[in-house]
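Visitor: Pasting a structure here, questions to come.
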Amino acid sequence: MAYILSPITRQLIVIYYLIMCPPNNQTLPKPNSQTMESSIPQQHHAYVSELLSFPLARLHKEPELLRLDRDRIQSQLQDFMAGNYRALVYSAHTSLSVQDQLSSIDKDLKSLTLEKIPTLTNACTKFVDTLEKMNKMNQTQHLLEIPQLMGACVKDENYDEALELEAFVRKLSTMHPKSVLVRDLAEHVRKITQSLVSQLLQKLRLDFEKPEPEHCLRIVGYLRRTGVYSEYELRLQFLKCRQAWLTGMLEDLDEGNPDEYLKGMIGCHRKHLVDIVNQYVLVNYDENDGGLLNSWLMHQVTSHLETLKILLPEISDGVLLSNILEESMYCCMVLGRVIGLDFRAMLIPIFEEAVVNMFSNNVSRAVEGFQLVLDSHRWVPAPAIANSSVHGGGGDDDDDVIEPPYCLMEHPPLAVFVNGVAAAMNELRPCAPLSLKHVLAKELIKGLKAVSDYLMTYNAETGILLGENKESELFLSLCQAFIEITYPHCAKCFGRCYTGGAASVMDAKSSCDGIRRLVKTVSP
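The sequence shown begins at 1 in the working numbering and counts up one residue at a time.
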């Protein structure tokens, strides 16, 4: 609620209020001195001027008039104060509150000026220092995130970025070798680098889908940048990884089939040994490797030869053996022409041993077949079979095909033996080395002698020639057929494989003298 009062009225109200009813023994604020100086002196000068213009009678009445005016004004003031005391009291309290607040503000301003501002300045300084520390902490956090970032790069195969991070940490370790944080960071990065190296080595163990020179150079370049291996160790790891890849390819071959396995191995070595050597030469700018490549190639040759030694005896087919020999010779020729790795001379003893083993086993099976049939043979006469080539000769025959002596069908044990020898000769013909002529002749002679010895043993165990019956005659006929037909026929077959081979076998006919003497003794 607002009131519009004249300046004089306000002054009178204040004076009266101060005199008559001071609230709660408190003094009201003093009137504004500037207002009093500006209003009262002017009114006083006007009143004095007006008094000077009054007559004497009027001047005598002036005190009474002033008293009446004072009473009237006092009465009006009392009425006004009585009607508006609430507003006046509220204004007084408000003035006191404002004065108190102004005093408090003044104190606060003084306290702020003397105490708070320096404290605020110090707090701001600390805040700036904290920001600097937080900046350093952010940098530290970035450093601590390097292993995680490097691991993600390795996982995504971003090897360039990963190696840049590794190089940064390595430089940081050189600059701050005593920092615990840097040492821990370097340890984490070292573990991730090992993972990176393992991943790169694993790629070297796989087949190169991309262009081989570019892909191989990139992988070896990454390995060099890691600094984990020396140059010699890096070359050794390269050869080991490619060896693992080559071994994996060989493991995929069917080991249950010696023929297919050997062909696959020979083809694999012929193709991939050349590739590996070319890759090795490409990624290594220094030709001086201490004979590492030569040693690795010798290891491959040794492994190749050992596999041949193990699996060739399992092949009983002369055509397959001949094919493997041809492919091996071609492989050695290619390797010798491209990388200087010609080991054909080392193949000869292995294949000769395989041929001897194959022929010896076939002759042994022929002898075993003869023994089995002889043990179970029933000595009954068989119908005679006419044939122009009843007796085989000892010399070589110019015909392409040697007809078997059909008269041996009267003697099944000998027929089985001859068939076995013929099968052995058929397997021998595609792969008959000249150097084995006399060795193989001895194996055949050994088989013939085994047949002769078993006939004598059979006679000794059964005593078949002691009795004069049909069985003794049939047995004696079988022995004569062996001496006169089987032995010469086997020699002739051997002569088909080797020129002059028949004579070599016939020259050793004395090995069967025991059965000859037995026949002569018993014959009438």
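Glycine included, C-beta positions come from ideal geometry on N, C-alpha and C.
Just verifying my parser: in three-state terms, what is the DSSP assignment at Pro412?
Guide: Working through the sequence shown from its first residue, we reach residue 412 at position 412. Pro412: helix per DSSP, three-state reduction.
Visitor: Just mark Asn294 as buried or exposed, buried being the case when its beta carbon has 16 or more other beta carbons within 10 Å.
Guide: In the sequence shown, counting from the first residue as 1, residue 294 sits at position 294. It is exposed - the Cβ of Asn294 has fewer than 16 other Cβ atoms within 10 Å.
Visitor: Could you check if Asn25 is buried or exposed, using at least 16 other CB atoms within 10 Å of its CB as the buried criterion?
Guide: Here residue 25 refers to the residue found at position 25 of the sequence shown. Confidence in Asn25 is poor, its pLDDT being 44 and thus under 50, which makes the residue's placement unreliable; the coordinate value appears in the next sentence. Counting Cβ neighbours within 10 Å, Asn25 comes out exposed, since fewer than 16 surround it.
Visitor: Taking only three categories from DSSP, how would you classify Phe208?
Guide: Working through the sequence shown from its first residue, we reach residue 208 at position 208. In this structure, Phe208 counts as coil in the three-state DSSP scheme.
Visitor: Quick one: grab the DSSP three-state call for Pro383.
Guide: In the sequence shown, residue 383 corresponds to position 383, counting from 1. Coil, per DSSP.
Visitor: Under the rule that 16 or more other beta-carbon atoms within 10 Å means buried, what is Ala123, buried or exposed?
Guide: Working through the sequence shown from its first residue, we reach residue 123 at position 123. Its Cβ having fewer than 16 others within 10 Å, Ala123 is exposed.
Visitor: Using 9 Å as the threshold, is the C-beta distance between Ala502 and Lys509 below it?
Guide: One-based indexing of the sequence shown puts residue 502 at position 502. One-based indexing of the sequence shown puts residue 509 at position 509. In this structure, Lys509 does not lie closer than 9 Å to Ala502 by Cβ.
Visitor: Would you say His489 and Val373 are within 9 Å of each other, going by their C-beta atoms?
Guide: For this step, residue 489 is matched to residue 489 along the sequence shown. For this step, residue 373 is matched to residue 373 along the sequence shown. For His489 and Val373, no; Cβs fall outside 9 Å.
Visitor: If distances are taken between C-alpha atoms only, which option among Ser97, Val228, Gln202 comes closest to Lys191?
Guide: Counting from one through the sequence shown, the residue named residue 191 turns up at place 191. Looking at the Cα atoms, Val228 is the closest of the given residues.
Visitor: Do you know whose CA, among Leu51, Phe80, Pro258, Leu347, lies nearest Leu66's CA?
Guide: Indexing the sequence shown from 1 puts residue 66 at position 66. Leu66 has its Cα closest to that of Leu51, out of Leu51, Phe80, Pro258, Leu347.
Visitor: Please return the same chain residues whose Cβ sits closer than 6 Å to the Cβ of Leu239, not counting the five positions on each side in sequence.
Guide: Translated into the one-based positions of the sequence shown, residue 239 becomes position 239. These residues qualify, in order along the chain: Trp296.
Visitor: Quick check: the Cα distance between His142 and Gln199, rounded to an integer number of angstroms?
Guide: Your numbering for residue 142 matches position 142 in the sequence shown. Your numbering for residue 199 matches position 199 in the sequence shown. Distance between the alpha carbons of His142 and Gln199: 26 Å.
Visitor: What is the DSSP secondary structure of Ser504, counted as helix, strand or coil?
Guide: Here residue 504 refers to the residue found at position 504 of the sequence shown. Ser504: helix per DSSP, three-state reduction.
Visitor: So Leu234 and Leu223 are in contact, right, with Cβ under 8 Å, and what is the actual spacing, rounded?
Guide: Walking along the sequence shown from the start, residue 234 turns up at place 234. Walking along the sequence shown from the start, residue 223 turns up at place 223. Between Leu223 and Leu234 the Cβ distance is about 6 Å, and since that is below 8 Å, they are a contact.
Visitor: Taking Gln371 as the reference, give the member of Val451, Ala345, Met329 with the closest Cα.
Guide: Within the sequence shown, numbered from 1, the residue matching residue 371 stands at position 371. Checked all of Val451, Ala345, Met329; the closest Cα to Gln371 is Val451.
Visitor: Taking the alpha helix (DSSP H) that Arg242 falls in, what are its first and last residues?
Guide: One-based indexing of the sequence shown puts residue 242 at position 242. 231-251 is the extent of the alpha helix (DSSP H) around Arg242.
Visitor: Among Arg429, Thr457, Met329, His269, which residue has its Cα nearest to the Cα of Gly318?
Guide: What you label residue 318 is simply residue 318 of the sequence shown in a count that begins at 1. Measuring from the Cα of Gly318, the nearest candidate turns out to be Arg429.
Visitor: According to DSSP, is Cys21 helix, strand or coil?
Guide: In the sequence shown, counting from the first residue as 1, residue 21 sits at position 21. Any reading at Cys21 needs caution, since the residue's pLDDT is 45, under 50, leaving its predicted position unreliable; the model's value is listed next. DSSP places Cys21 in coil when its eight states are reduced to three.
Visitor: Work out the CA separation of Arg183 and Ala162 for me, nearest whole Å.
Guide: The count along the sequence shown starts at 1 and reaches residue 162 at position 162. The count along the sequence shown starts at 1 and reaches residue 183 at position 183. Straight-line Cα distance between these residues: approximately 18 Å.
Visitor: Classify Ile310: buried if its beta carbon has 16 or more other beta carbons within 10 angstroms, exposed otherwise.
Guide: If you number the sequence shown from 1, residue 310 lands on position 310. Exposed: under 16 other Cβ atoms inside 10 Å.
Visitor: Is Cys497 near Met425, with beta carbons less than 9 Å apart?
Guide: Within the sequence shown, the letter at position 497 stands for residue 497. Within the sequence shown, the letter at position 425 stands for residue 425. Yes, the pair counts as a contact, with Cβ atoms nearer than the cut-off.
Visitor: Counting only runs that start and end within the segment 428-502, where is the alpha helix (DSSP H) found for 4 or more residues in a row?
Guide: You should have 437-462, 470-481, 487-497.
Visitor: Mind checking Arg242: buried by the 16 CB within 10 Å criterion, or exposed?
Guide: By one-based count along the sequence shown, residue 242 stands at place 242. Buried is the call here.
Visitor: Closest by CA to Ser195, which one among Cys153, Gly369, Gly463, Leu172?
Guide: Residue mapping note: residue 195 aligns to position 195 of the sequence shown, counting from 1. Among Cys153, Gly369, Gly463, Leu172, the Cα nearest to that of Ser195 is on Cys153.
Visitor: One question on the structure: do Val363 and Leu444 come within less than 9 Å of each other, judged by their Cβ atoms?
Guide: In the sequence shown, residue 363 corresponds to position 363, counting from 1. In the sequence shown, residue 444 corresponds to position 444, counting from 1. Taking 9 Å as the Cβ cut-off, Val363 and Leu444 qualify as a contacting pair.
Visitor: Just verifying my parser: in three-state terms, what is the DSSP assignment at Phe168?
Guide: As a first step, residue 168 is located in the sequence shown; it is residue number 168 there, counting from the start. Helix, per DSSP.
Visitor: Between the beta-carbon of Ser472 and the beta-carbon of Ile483, is there less than 9 Å?
Guide: Locating residue 472 in the sequence shown gives position 472, counting from the first residue. Locating residue 483 in the sequence shown gives position 483, counting from the first residue. In this structure, Ile483 does not lie closer than 9 Å to Ser472 by Cβ.
Visitor: Below 8 Å CB to CB, which residues in the same chain sit around Ser53 once its five sequence neighbours on both sides are set aside?
Guide: Here residue 53 refers to the residue found at position 53 when the sequence shown is read from its first residue. Here the set comprises nothing.
Visitor: So the candidates are Gly290, Ser303, Leu172, Pro433; which of them puts its Cα closest to the Cα of Glu273?
Guide: The residue you call residue 273 lines up with position 273 of the sequence shown. A quick correction: the sequence has Leu, not Glu, at residue 273. The shortest Cα separation from Leu273 among Gly290, Ser303, Leu172, Pro433 belongs to Ser303.
Visitor: Can you list, in chain order, the residues of its chain with a C-beta nearer than 6 Å to that of Val334? Leave out the 5 residues immediately preceding and following it.
Guide: As a first step, residue 334 must be located in the sequence shown, where it is residue number 334. Here the set comprises Arg270.
Visitor: Helix, strand or coil for Pro63? Go by DSSP, reduced to three states.
Guide: What you label residue 63 is simply residue 63 of the sequence shown in a count that begins at 1. Correct three-state label for Pro63: helix.
Visitor: Going along the chain, which unbroken runs of the alpha helix (DSSP H) with 4 or more residues stay wholly within the segment 291-323?
Guide: As far as the segment 291-323 is concerned, its whole alpha helix (DSSP H) runs of at least 4 residues are 292-311.
Visitor: Tell me where the alpha helix (DSSP H) around His93 begins and ends.
Guide: Taking the first residue of the sequence shown as position 1, residue 93 is located at position 93. Here the alpha helix (DSSP H) through His93 covers 85-111.
Visitor: Where does Tyr85 land, buried or exposed, given buried means 16+ other C-beta within 10 angstroms?
Guide: Locating residue 85 in the sequence shown gives position 85, where the first residue counts as 1. Tyr85 should be labelled exposed.
Visitor: Alpha carbon to alpha carbon, how far is Ile350 from Ala415? Give it in angstroms, no decimals.
Guide: Sequence index remark: in the sequence shown, residue 415 carries index 415 (1-based). Sequence index remark: in the sequence shown, residue 350 carries index 350 (1-based). Distance between the alpha carbons of Ala415 and Ile350 is about 33 Å.
Visitor: Can you find the residues in the same chain that come closer than 8 Å, C-beta to C-beta, to Ser322, ignoring five residues on each side of it along the sequence?
Guide: Sequence index remark: in the sequence shown, residue 322 carries index 322 (1-based). Excluding sequence neighbours, Ser322 sits near Pro430, Cys431.
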